[in-house]
């Protein structure tokens, strides 16, 4: 939705390209078509990202958490993160074997149910056949698909990933066990929410989704608050009964 700059709480502008602009930033004033948030944390939790360095980073005062509005993260860890969220620390999609196909395209190849068609240089996947586990729909064109982190990066950040060594952060970013091929719209709807705030539209995938989510958080020693842990265990028991 487009925001109005006159509203008192609308401090952060998330542009259509997904960049979170703070007051005083290089592009804040000229960003007229945006979604408004009252903290940088809320903007990032919705799937937004920081501007490039030098274009106006948000200050600590713009990180306040408010309970008003639906744009806030749906659940919070038992302790605040040690520093501002910076998605860049996780790195991008890696090309570990140097074959010019990064994690996105190797995952598309691995999960395709039919032989894939590659770009002329062999680096990108163009077509294949994928079933989106979130919706149950089948797709043949890679361009409209996202690679979703089952346990979102920001969710992990608030539960311990902010203190990891860089190697572990990059490994988490590219771990195939934490990656799914899904439609863009459903990935954007999920954002950085955990299972207590969001479950896939296809109810048949709920149990597997929860079990995989819990395995990943345990593997990486991510810390839920006692209330979160109890809620996740209860939800898993209900969905896997």
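In this note's numbering, the protein residues as written are 733 to 973.
Note that CB positions come from ideal geometry on N, CA and C, so glycine has one too.
Where residue i sits in the DSSP three-state scheme
i, result
"residue 769", "strand"
"residue 752", "strand"
"residue 900", "helix"
"residue 922", "helix"
"residue 797", "Any answer about residue 797 is weak, because its pLDDT of 42 lies below 50 and its placement is not dependable; what the coordinates show is given next. The answer is coil: DSSP assigns residue 797 none of H, G, I, E or B."
"residue 849", "strand"
"residue 762", "coil"
"residue 956", "coil"
"residue 745", "strand"
Option nearest residue i by Cα separation, candidates the options
i, options, result
"residue 916", "871, 747 and 755", "871"
"residue 913", "945, 868 and 901", "868"
"residue 947", "898, 964, 836 and 936", "964"
"residue 971", "956, 944 and 953", "944"
"residue 953", "817, 760, 852 and 891", "891"
"residue 836", "907, 784 and 776", "907"
"residue 856", "900, 778, 827 and 932", "827"
"residue 905", "825, 784 and 772", "825"
Residues bridged to residue i [DSSP beta-bridge criterion]
i, result
"residue 913", "879"
"residue 858", "The partner list for residue 858 (beta bridge, DSSP) is empty, contrary to what the question assumes."
Burial state of residue i (16 or more Cβ within 10 Å)
i, result
"residue 829", "exposed"
"residue 950", "exposed"
"residue 935", "exposed"
"residue 753", "buried"
"residue 739", "Model confidence at residue 739 stands at a pLDDT of 37, short of 50, so the residue's coordinates are unreliable; what they give is reported in the following sentence. Result: exposed."
"residue 861", "exposed"
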